[in-house]
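To keep things clear, I will list the structure first and then write my remarks on it.
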Amino acid sequence: MKIYVTFDFNITRNAILVEQLEKLGVQYSINNGAREIHFSEKLTEEDELALAASLKKYGIKIIDDQKTELVQRIKDTITAMLKDDEAYLYKVSAYLATKLDYSYAYLSNLFSENTYTSIENFVILKKVDYVKELITTTDLTLTEIAYRLNYSSVAHLSGQFKKVTGLTPSAFLKIIEKRKTVDSNNL
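Below is the structure:
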């Protein structure tokens, strides 16, 4: 037997944070979309290490650098933008500047310094990841996906997809379907 699951990252992250913070037994508040945790009193070094270790099991790291945190917010905002049905109305630069309240030039420089890639390249990678998700989990056509992700054409989407993955979207879908067939035959 096989089951498939999906989850909302934000709900999962918040539940994990609350669960682990409650174990500390100290007063806290979570702000900024679960990005900042404020404590009513300073944590002991032992508590801080214990919290870091318990969160690490879930892939959550404590960031002690504001710039690193802002880079993560840029990544999260881009991911949210791709899933926002109305975001296609905005350019990435305007969307990020508005959502994060910094100039795009500052965000772009900071992102490049910390990740060694540009925001534009990151957007392309995230778009391709989202295209893969939409291809495998929905019945949307490539034309609908291209429109939804603000590509100028299906050819543009296919070109970026192939450049990143080495496959056309159609070839990718055939591989996924073949795997599903093989997996279901092995049950």
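Start counting the sequence shown at 1182; every next residue gets the next number (the numbering used here).
Ideal Cβ placement from N, Cα and C applies to all residues, glycine included.
Using the three-state DSSP reduction, which class does residue 1220 fall into: helix, strand or coil? In the structure shown, residue 1220 sits in a strand (DSSP, three-state: E or B).
When we look at the beta-carbon of residue 1186 and count the other beta-carbons within 10 Å, is it buried (16 or more) or exposed? By the neighbour-count criterion, in which a residue is buried when 16 or more other Cβ atoms sit within 10 angstroms of its Cβ, residue 1186 is exposed.
In three-state DSSP terms, what is residue 1331? Taken through DSSP and simplified to helix, strand or coil, residue 1331 comes out as coil.
Relative to the C-alpha of residue 1190, which residue among 1291, 1260, 1182, 1203 is closest? Among 1291, 1260, 1182, 1203, the Cα nearest to that of residue 1190 belongs to 1260.
Which listed residue (1304, 1285, 1313, 1193) has its alpha carbon closest to that of residue 1240: If we check each option's Cα against that of residue 1240, 1193 comes out closest.
How is residue 1357 classed by DSSP in three states: helix, strand or coil? Here DSSP, grouped into helix, strand and coil, assigns residue 1357 to helix.
Starting from the C-beta of residue 1278, find all residues in its chain whose C-beta is less than 8 angstroms away, skip the five residues before and the five after it, and write them out in chain order. Non-local C-beta neighbours of residue 1278 in its own chain, meaning closer than 8 angstroms and more than five positions away in sequence, comprise 1284, 1285, 1288, ordered along the chain.
Nearest CA to the CA of residue 1203: which residue from 1226, 1236, 1183? Looking only at 1226, 1236, 1183, the smallest Cα-Cα distance to residue 1203 is reached by 1236.
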